[in-house]
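Quick note on the working numbering: the sequence shown kicks off at 2 and runs consecutively.
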Amino acid sequence: MDKSSILTLLAAVQRGETTPEAAIGRLADLPFEDIGHTRIDHHRSLRTGLPEVVYAAGKTPRQVVEIFTHMAAAGTAVLATRASTETAAAVLDAMPASVHNEIARTITHGSLELHTEGPRPCIAVLCAGTSDLPVAEEAAITAEHFGVRVIRLYDVGVAGLHRLLAVRDQLAEADCIIVCAGMEGALPSVVGGLAGVPVIAVPTSVGYGASFGGAAALLGMLNSCSPNVSVVNIDNGFGAAYSATLIARSAHKREY
Numbered sequence: 002m003d004k005s006s007i008l009t010l011l012a013a014v015q016r017g018e019t020t021p022e023a024a025i026g027r028l029a030d031l032p033f034e035d036i037g038h039t040r041i042d043h044h045r046s047l048r049t050g051l052p053e054v055v056y057a058a059g060k061t062p063r064q065v066v067e068i069f070t071h072m073a074a075a076g077t078a079v080l081a082t083r084a085s086t087e088t089a090a091a092v093l094d095a096m097p098a099s100v101h102n103e104i105a106r107t108i109t110h111g112s113l114e115l116h117t118e119g120p121r122p123c124i125a126v127l128c129a130g131t132s133d134l135p136v137a138e139e140a141a142i143t144a145e146h147f148g149v150r151v152i153r154l155y156d157v158g159v160a161g162l163h164r165l166l167a168v169r170d171q172l173a174e175a176d177c178i179i180v181c182a183g184m185e186g187a188l189p190s191v192v193g194g195l196a197g198v199p200v201i202a203v204p205t206s207v208g209y210g211a212s213f214g215g216a217a218a219l220l221g222m223l224n225s226c227s228p229n230v231s232v233v234n235i236d237n238g239f240g241a242a243y244s245a246t247l248i249a250r251s252a253h254k255r256e257y
């Protein structure tokens, strides 16, 4: 339950459309709801402006379904990351309106909306190569779920720098840029030198043996010569999108 849904509930009480007792029932599970295997943090949206997100890896399909249904019943837009095909099928069977993105390994139900006028905060998500798409799409789907406009600019790695230079106008639209790259991880430094906004670098585990599962890209990004580049963990598209969303929202001084 986020700030908007609580204000809507209170307004309904004020208009006499619902009783105070019914409203108390709706609010009874704040700040969290214990469903046995999980304590769902319904209060998180009120504290941080963004709802709790389900990390599906390591959870059974049944557990994810139960978390999804309880969060949706509370009026929360629900996102699960790192969901297997089996888990996605179970959620879709229980909640057909949900959406599974197989590349990003995400499941979404609803999305946040910006309740103010004006242009939406914008994030550009770049990836160096097509092999980085799973991480880039996890970032893009997460940001879109949080109500941010996303510009996808894929396969623009430094091996063909003209591809990146061809999209400079689109980069200029973004309040924050996420750059996903494996191999030597050079792309964020180049983007950082072209853009006047924060760049969040995401090292991916793409590459041959000496890439060490993304460690080479991680170290390269941590040693970036572009001072506007910050780095998240290997393959952490979700974490990049969460931080980028907060940055983009701050740039517009908008509230969800």
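For glycine and all other residues, C-beta sits at the position ideal for the given N, C-alpha and C.
Taking C-beta separations shorter than 6 Å and ignoring five residues to either side along the sequence, the partners of S231 in its chain run I201, following chain order. Between S227 and S251, the CB-CB gap reaches or exceeds 8 Å. In terms of Cα proximity to T77, the closest of I68, A84, S85 and R83 is I68. Along the length of the region 108 to 177, whole alpha helix (DSSP H) runs at least 4 residues long occupy 134 to 146, 162 to 166 and 169 to 172, reported in chain order. Counting other Cβ atoms within 10 Å of its Cβ, T61 stays below 16 and is therefore classed as exposed. Rounded to whole angstroms, the Cβ separation of I124 and D176 is 7 Å, and the two are in contact under 8 Å. For Y243, the secondary structure class from DSSP, reduced to helix, strand or coil, is helix. Setting aside the 5 residues that flank it on each side, A144 is surrounded in the same chain by I124, V151, A242 and T246, each with a C-beta closer than 6 Å to its C-beta; the list follows chain order. If you look at P189, you'll find it in the alpha helix (DSSP H) that goes L188 to L195. Taken through DSSP and simplified to helix, strand or coil, I104 comes out as coil. For A89, the enclosing alpha helix (DSSP H) starts and ends at T86 to A95.
Excluding residues up to 5 positions away in sequence, G186, G215, A218, L219, M222 and I235 lie with their Cβ nearer than 6 Å to the Cβ of P204 in the same chain. The residue among A98, L188, V198 and A211 with its C-alpha nearest the C-alpha of A173 is V198. Under the three-state reduction of DSSP, T70 is assigned to helix.
In this structure, V126 keeps its C-beta atom at 8 Å or more from the C-beta atom of R164. For L80, the closest of V54, R63 and I104 by C-alpha to C-alpha distance is V54.
Take the alpha-carbon of A84 and the one of G208: they are about 23 Å apart.
DSSP places A211 outside any alpha helix (DSSP H), giving it a letter other than H or E. Per DSSP, the unbroken beta strand (DSSP E) holding S231 starts and ends at V230 to V232. Following the DSSP letters along the chain, one finds V200 inside the beta strand (DSSP E) bounded by residues V200 to P204. Boundaries of the beta strand (DSSP E) around L80: V79 to T82.
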